[in-house]
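If you count by our numbering, then the sequence shown holds residues 15 to 308, one letter each, in order.
Cβ atoms here follow ideal geometry from the backbone N, Cα and C, with glycine treated the same way.
A short write-up of the structure that comes next.
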Amino acid sequence: MRTTLSRRSLIAAGASLLAAPALAQSGYPNRQIRIIVAFAPGGATDILGRIVADHLSKAWNTQVIVDNKTGAGGNLGSDLVAKAPPDGYTLLLGTVGSAVTNQFLYKNMPFDSATAFTNVALVGEVANVLAVHPSVPAKTVQEYVALAKSKPGQINYGSPAIGGTGHLAMEYLQSLTGMKVEHIVYRGSSLVLQDLLAGNIPSTMDNLPAYIPHINTGKLRALGVSSAKRWFAMPDVPTIAEQGVPGYDAAPWWYVSGPAGLPPDITKKLSDEIVKGVSSPEVDKRIKDAGCAP
Numbered sequence: 015m016r017t018t019l020s021r022r023s024l025i026a027a028g029a030s031l032l033a034a035p036a037l038a039q040s041g042y043p044n045r046q047i048r049i050i051v052a053f054a055p056g057g058a059t060d061i062l063g064r065i066v067a068d069h070l071s072k073a074w075n076t077q078v079i080v081d082n083k084t085g086a087g088g089n090l091g092s093d094l095v096a097k098a099p100p101d102g103y104t105l106l107l108g109t110v111g112s113a114v115t116n117q118f119l120y121k122n123m124p125f126d127s128a129t130a131f132t133n134v135a136l137v138g139e140v141a142n143v144l145a146v147h148p149s150v151p152a153k154t155v156q157e158y159v160a161l162a163k164s165k166p167g168q169i170n171y172g173s174p175a176i177g178g179t180g181h182l183a184m185e186y187l188q189s190l191t192g193m194k195v196e197h198i199v200y201r202g203s204s205l206v207l208q209d210l211l212a213g214n215i216p217s218t219m220d221n222l223p224a225y226i227p228h229i230n231t232g233k234l235r236a237l238g239v240s241s242a243k244r245w246f247a248m249p250d251v252p253t254i255a256e257q258g259v260p261g262y263d264a265a266p267w268w269y270v271s272g273p274a275g276l277p278p279d280i281t282k283k284l285s286d287e288i289v290k291g292v293s294s295p296e297v298d299k300r301i302k303d304a305g306c307a308p
């Protein structure tokens, strides 16, 4: 699920190459900045968006708000940014979907992700988790696959969006294992979590952070993580790859971007401050405490 956009150093270097000798718009920022998060509150995208907003707000003594605009697998919020004035006051906390995969999932995309945005900085990445309600007998990925194969189409799972990272990670797992599970779509991770805890759905594939407390207390069971290596936040949970699915790697990532045509000086100022923030001990800790990796 990664492209070259997943290299923070590459984006930062690219932004630096755009730097002008002097800041043509040295007054930036002089009013409120809005970061569009194209998914519901409570999920990993929202958490990271708020961490970035808080850092920029403190660093620049400027109000930076998060505005959740959900719908169409993130396309609604992404399109708002694509069509915004390129002045640095409307930004996107982007996902793999807005950067890459939605172009292949939706017939009538409102924007071209290759040309609609100015990429600013990578923020972090995370593992998805395959988690189940304790009533599900499967305790490993292999057992889950075997259960699904014994009941084709009868086992379902929830995820926050069609074409979201959880949905694609599970589709990938199905393609590699030959199992068939049914997808139930929710409007946000918090609603998936609510139904999973209640036993209304047996399983999920979703960004790990929101599930960690409930896995730690035994209210949910983690079968495996989607990253290539075990995730630092839950090192005792094996990867899906090491449980009979070699090569499996579906760890999503997030970045900040603005509309196409964002001035080089504003791009550099944003990039420098965001990279500085995620590299700082305070923000690094907040991101890791959320179960993500800066």
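Can you look up L190 in the DSSP assignment and give me helix, strand or coil? helix
Element boundaries [alpha helix (DSSP H), containing S149]: From DSSP, S149 is part of no alpha helix (DSSP H); its letter is neither H nor E.
V134 - containing beta strand (DSSP E), residue span: F131 to E139
For G238, which residues of its own chain have a beta-carbon under 7 Å away from its beta-carbon, when the five flanking residues on both sides are left out? L144, V155, V251, P252, T253, I254 and Q257
Could you give the DSSP three-state label for N142: helix, strand or coil? strand
State yes or no: is the C-beta of A175 within less than 8 Å of the C-beta of G88? yes
Alpha carbon to alpha carbon, how far is A224 from L210? Give it in angstroms, no decimals. 12 Å
May I ask which residues mark the beginning and end of the alpha helix (DSSP H) holding R300? P295 to D303
Grouping DSSP H, G and I as helix and E and B as strand, with all else coil, what is R244? coil
L106 and I50 - do their beta-carbons sit closer together than 8 Å? yes
Is L62 helix, strand or coil when you go by DSSP? helix
Measure the beta-carbon distance from G111 to G172 and round it to whole angstroms, keeping in mind my assumption that it falls under 8 Å. Not really, about 17 Å apart at Cβ, beyond 8 Å.
If I measure Cβ to Cβ from D263 and keep anything under 8 Å in the same chain, skipping five residues before and after, which residues do I get? M15, S240, S241, A242 and A255
By DSSP, does S271 sit in helix, in strand, or in coil? strand
Report the rounded CA-to-CA distance for L75 versus Q46, giving the unit in angstroms. Contrary to the premise, residue 75 reads as Asn rather than Leu in this sequence. One C-alpha to the other measures close to 10 Å.
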